[in-house]
Amino acid sequence: MGMRAYIIRRLLLLIPTIIGVTLLIFSVVQVLSPEQRAALYITSEQQADDIEAIIEKYHLRDPVYIQYFVWITQVLQGNLGYNVKSPSGRVLQNIINRAPATIELTIIAAPVIILSGIALGVTSAVHRDKLIDHVTRVTSIIGWSFPSFWLGILLLAIFYAALGWVGPGRLNPDASVFIITPPFTRYTKLNTIDGLLNGQLWITVDALKHLILPVASLTVQSIALIVRVMRSSMLEALTKGYIVSARAKGLGQKEVINKHARRNALIPVVTLAGMLSAGLLTGVVITETIFSIPGLGSYAAHMALPPPDIAGVLGFTLFTGVLFVIVNLIVDVAYAYIDPRIRLG
Amino acid sequence: MKAKSESPTIKELKFVITRIKKSPLSIAGIAIIGFFVAIALLAPILARVPEGQDNPYRLPRSGWFSEPQPPSPEHLFGTAQWQYDIYYGCIWGTRTAFRIGIIVVAGNLIIGLLVGTLGGYYGGIIDELLMRGTDIVWAFPGLLLAMAFVTVMGPSLDSIVLALILVGWPSYARVIRSEIFRVKQEDYVEAAKAVGCSDFRVITKHILINAIYPIVIMASLDTGAIVLSAAALSFLGLGPPPGYADWGQMISLSRGFIYKNAQDPLGYWFTWTYPGVFIFTFVLGWNLLGDAFRDILDPTLRRR
Amino acid sequence: MEKTIESGDLLDVKDLYVNFYTYAGVVEAIDGVSLLLKQGETLGLVGETGCGKSVTSLSIIVLVPPPGTIEKGDILLNAGDKAINLLKQNDRTLMNIRGKDISMVFQDPRGALNPVYTVTQQVGEALLLHRREEMCKRVLQNLERDIPEANTLKRFIYNCEKKIYEKMMNKPKSPSLRTLSKIPIINRYQGRLRNEIRKEVVELLRIMKIADPERVVDMYPHELSGGMAQRVVIAMALSCNPRLLLADEPTTNLDVTIQAQILLLIRELKEKMKSSILYVTHDLGVVAEICDRVAVMYAGNVVEVADTFTIFKKPSHPYTQDLLAAIPRPGKEFKSIRGEVPALISPPKGCRYHPRCSKAMPTCALVKPQVAEIEKGHLVMCHLYKR
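Below, the structure is given as structure tokens:
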């Protein structure tokens, strides 16, 4: 079976999974009273005053299947409810507003995790039982055990409180003012890129400086995980018959490692990618909170803080659920690309 | 003529002990967990519950100041915001951590065993349905779904525990199911069925006994992750209220106290250092222990 | 002192000692093995599992896996006017020799193939390593043919490609080539080389008697049957016309019928390619089929060497005799060799076969026997025979 058939199959599977996701969220919501649930449907401050009308309009006392239908139609029209907590406003709008900060953080964190994890894992396996191997393994167990929120606090304590190098937030105070005054145009809302597009390099530099600590606290656990898995899968790949076969053809050890062993060793790591993106999505909640980055993660944390803003929390959960399902699809396709044996199944 | 040989169980045990002795990390793991078990057991002695207080998990307060006080003879680790005793919190927090870990893992195991065994043993429609259920829960990043659950249930320690169980059982179900698939094909299961064993007996006596190892490994490796997740949820304010003996909660209290002032920037270090060290070491111990279990119990990796 | 080799000989293994330093102790796997392989002959290396035959063939291309170490010995390869001692060469030279002068076929065909690469990619790898110039020349010939008939734009492109390929022929490792190959649209020039390689691989598979080679070249190893996979591995090994083929039990993992086909194939190739073959096996029947001479190994020693006919008709070493006697024949009483193969961590003193030998004498337990040539070309390592 070729790649195309496999992709189509996975895309078809996507639909029931997303439906399942909505069902799960829906059932969670049903635990609440109709008054609380009304928050998922209102679209403005005024509507909040007349709850009964909302309950009537969206059939919140009617049987479950009717409610589900009503809710889904609302969601598909983009109505995820209204945030009563600040930043108040329509949930979907808030999510869109807060997305860029999170995107900036994850776009930098993801390659850092993947590249350094793979490189360290390969090095560790190739130099097995030597010093670099022991050091890597010990640090990765420590990294895996470190609570990310504690790491964030420690990093802030050292680099902000004690050394005063860089503070929380996305930019310095003067830079923050600079980007909202014309003629600076925020094309992408990603400060690193906007800085370049506007020709103001110092904005980009400042943004990057402020990203170092959050990225560090976000990536440590994931890197530790990749290193461990990569190392063990690399060690296993190196015992396989095709390694000797390749050397018998006249390939050097380094070439064999890079061309043959690594590609096979990557396979179990790709299956991790799903777990890693889950880790990233979860990690941003804590990291953004600690470093005061106004992104989706801190939005979720803020909405969940008691007294909770139901629309916000559930809107966010639905959003990440769908996002995660799509990410998993991409991961599965990548997996099938790397390992041709999967396509037959 | 061979000498009289020892019973196989004794030999196994000796082998396990030798393997443990050879790996310093395993010893470290066992030592750390042992240390925490001791603390948890000795909590009433190490940190006396104040007179008249029936809930030992409430941190004693010695005043109403909001500013944390540095370590002193009365408060070994200092006080957190609103004068909660940090030392007391760390000691009794150990018990909380164990409670969370054990209950969540137990819950995960029970549900996972049920779902995994039914699906794995009977296969067919039952398996398909159960696996779809697993997939749906798995479609979410665990902690985020737990957040949604806790929000709806109202924040408290019990909500966290329940949410983590609801989010965690799929992995256990999957592992158990695949183990059962694997063991189901073995000949001794056929033999047992041929002799007339009931399904229940086959499952419990033959299959589960052999599927046990990966589950033990998984549970021990998972405990650390569970405690971390629970601490993260508490940190975000979704757990027990301030003043409860929970490490995550205590770090949450310290968030505003990272920077003191220009002369003494790290002046409030004790508010975030002590609880953090406790969490970190606890999780580290479990991870090392889990690794040790895996190295020792995984039959394919032994006797290299 | 410069070691020499006869012009009629291809490979001369002298006094090879290989030890494995394991957890449990030192395993003396190869205990002074000597072999002589003539040009164009097929030498069978026979012995039970664990006697060291695979280690011997791996030692020839110096690929003994750790914790194995080649302690001492010489492996002389006939390089035309002089002898090359393979154990004293650096990695670069060895890499040149492997796959080109000496190549190896392994026991588990699907294990020897990398599951994530197609047949073309894997067989082609050997071609790229050792026959690159030839392939580039072919591409250049094609370009010469295409250039006159092309329009201006294409002519420009072809001329660029011509320059690239000329560079590839002369300085394949140059940094400019390396950068060019990484740029997305530009590196399509590699397509021509890939096409040539693919054509060559199809030819090789055809020689291996694989049906429908055009389809097979694009397959992945898991899509191939055992027999086909082994043919691919053999194709890979023979792709660069090696002078010596090390065949390590290539048919052991295959069905008997497929085994017969592969043996037939090897016999035909032997005629065509004039390469020497070191055929490692535990199957005496196979030996009788295709080997010119046979070396019998036991517990790390070569105990007897002779041509096939002599080995079967006049086996001289007690082990060879016992081995032949143990072949089950209808009507005959089933005879097995008493005792077990020794653990080579603490091998028996003296002759390693003495604990199981029916003709053992007191000296056998104390002194290691010398190799005696009891008639021309017939060597035995046993106290029963004096020099």
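Protein chains in written order, with this note's numbering: chain R, 1 to 345; chain Y, 1001 to 1304; chain D, 2001 to 2387. Just so you know, even glycine gets a beta-carbon here, dropped at the ideal spot from N, CA and C. The structure presented is a predicted model; accordingly, all values stated were derived computationally and were not measured.
Residues of the same chain with a CB within less than 7 Å of the CB of phenylalanine 319 of chain R, apart from the 5 flanking positions on each side, are Ile95 in chain order. Residues of chain R whose Cβ lies closer than 9 Å to the Cβ of valine 1283 of chain Y are, in chain order, Trp144, Ser145, Phe146, Pro147. When secondary structure is reduced to three states using DSSP, leucine 2344 of chain D falls in the coil class, being assigned neither helix nor strand. Within the stretch 323-337 of chain R, the residues whose Cβ lies closer than 9 Å to any Cβ of chain Y are, in chain order, Phe324, Val325, Asn328. Contact between the stretch 2235-2242 of chain D and the stretch 2099-2106 of chain D is present: three or more C-beta pairs spanning the two stretches fall below 8 Å. Between valine 2116 of chain D and isoleucine 338 of chain R the beta-carbon gap is near 7 Å, inside 8 Å, which marks them as a contact. Ranked by Cα distance from glycine 1142 of chain Y, the first of R:Leu280, R:Thr136, R:Gln77, R:Asn198 is R:Leu280. Per DSSP, reduced to three states, the secondary structure at lysine 130 of chain R is coil, with no helix or strand assignment.
When C-beta atoms of the stretch 1031-1050 of chain Y are compared with those of the stretch 1275-1291 of chain Y, three or more pairs fall below 8 Å, so the two segments count as touching. Shortest Cα-Cα distance from lysine 189 of chain R to any of R:Leu80, R:Ala175, R:Pro100 involves R:Pro100. Put simply, the CB of methionine 2208 of chain D is far from chain R, with every gap to its CB atoms at 8 Å or more. Taking C-beta atoms as the reference points, isoleucine 2075 of chain D and valine 2013 of chain D count as a pair closer than 8 Å. Listed in chain order, the alpha helix (DSSP H) elements of length 4 or more contained wholly in the stretch 2102-2126 of chain D are 2109-2112. When the alpha-carbon of aspartate 2255 of chain D is set against those of D:Val2217, D:Ser2225, D:Lys2272, the nearest one is in D:Ser2225. In this structure, D:Ile2266 is the residue among D:Asn2301, D:Ile2266, D:Ser2276, D:Ala2295 with its C-alpha nearest to the C-alpha of glutamate 2289 of chain D. Going by DSSP, aspartate 50 of chain R is part of no alpha helix (DSSP H) at all; its letter is neither H nor E. The distance from the Cβ of valine 29 of chain R to that of leucine 314 of chain R is about 6 Å, consistent with a contact at the 8 Å cut-off. For arginine 2293 of chain D, the uninterrupted beta strand (DSSP E) run begins and ends at 2293-2298, by DSSP. In summary, the residues of the stretch 2095-2119 of chain D whose CB is separated from some CB of chain R by less than 7 Å are Met2095, Asn2096, Arg2098, Gly2099, Lys2100, Ser2103, Met2104, Phe2106, Asp2108, Gly2111, Ala2112, Leu2113, Asn2114, Pro2115, Val2116, in the order they occur in the chain.
For histidine 2354 of chain D, the closest Cβ of chain R is not nearer than 8 Å. With fewer than 16 other Cβ atoms inside 10 Å of its own Cβ, glutamate 2214 of chain D counts as exposed. The Cβ atoms of threonine 2069 of chain D and isoleucine 2030 of chain D do not sit closer than 8 Å to each other. Of the residues R:Pro173, R:Val21, R:Pro168, R:Leu266, the one whose Cα lies closest to the Cα of phenylalanine 316 of chain R is R:Val21. Across the structure, phenylalanine 1293 of chain Y and arginine 1019 of chain Y are spaced so that their CA atoms are roughly 10 Å apart.
A residue is called buried when at least 16 other Cβ atoms come within 10 angstroms of its Cβ; arginine 2145 of chain D does not meet this threshold and is exposed. Isoleucine 2337 of chain D is positioned such that its CB atom lies closer than 8 Å to that of alanine 2326 of chain D. When C-beta distances to chain R are compared with 8 Å, the residues of the stretch 1127-1160 of chain Y below that value are Arg1132, Asp1135, Ile1136, Val1137, Ala1139, Phe1140, Pro1141, Gly1142, Leu1143, Leu1144, Leu1145, Met1147, Ala1148, Phe1149, Val1150, Thr1151, Val1152, Met1153, Gly1154, Pro1155, in chain order. The C-beta of threonine 239 of chain R comes no closer than 8 Å to any C-beta of chain Y.
Taking 8 Å as the cut-off, the Cβ atoms of threonine 289 of chain R and leucine 1236 of chain Y count as close. Taking each of Y:Leu1013, Y:Lys1260, Y:Gly1290, Y:Arg1174 in turn and checking the Cα distance to isoleucine 1111 of chain Y, the smallest one comes out for Y:Arg1174.
When CB distances to chain R are screened at a threshold of 8 Å, the residues of the stretch 1233-1247 of chain Y falling below it are Phe1235, Leu1236, Gly1237, Leu1238, in chain order. By the C-beta density criterion, proline 1070 of chain Y is exposed, having fewer than 16 other C-beta atoms within 10 angstroms.
The stretch 2131-2144 of chain D makes contact with the stretch 2160-2167 of chain D, as at least three CB pairs between them are under 8 Å.
A distance of 8 Å or more separates the beta carbons of isoleucine 2277 of chain D and leucine 2323 of chain D.
The Cβ atoms of valine 2280 of chain D and glutamate 2249 of chain D sit closer than 8 Å to each other. In this chain, the alpha helix (DSSP H) harbouring phenylalanine 178 of chain R covers 173-180.
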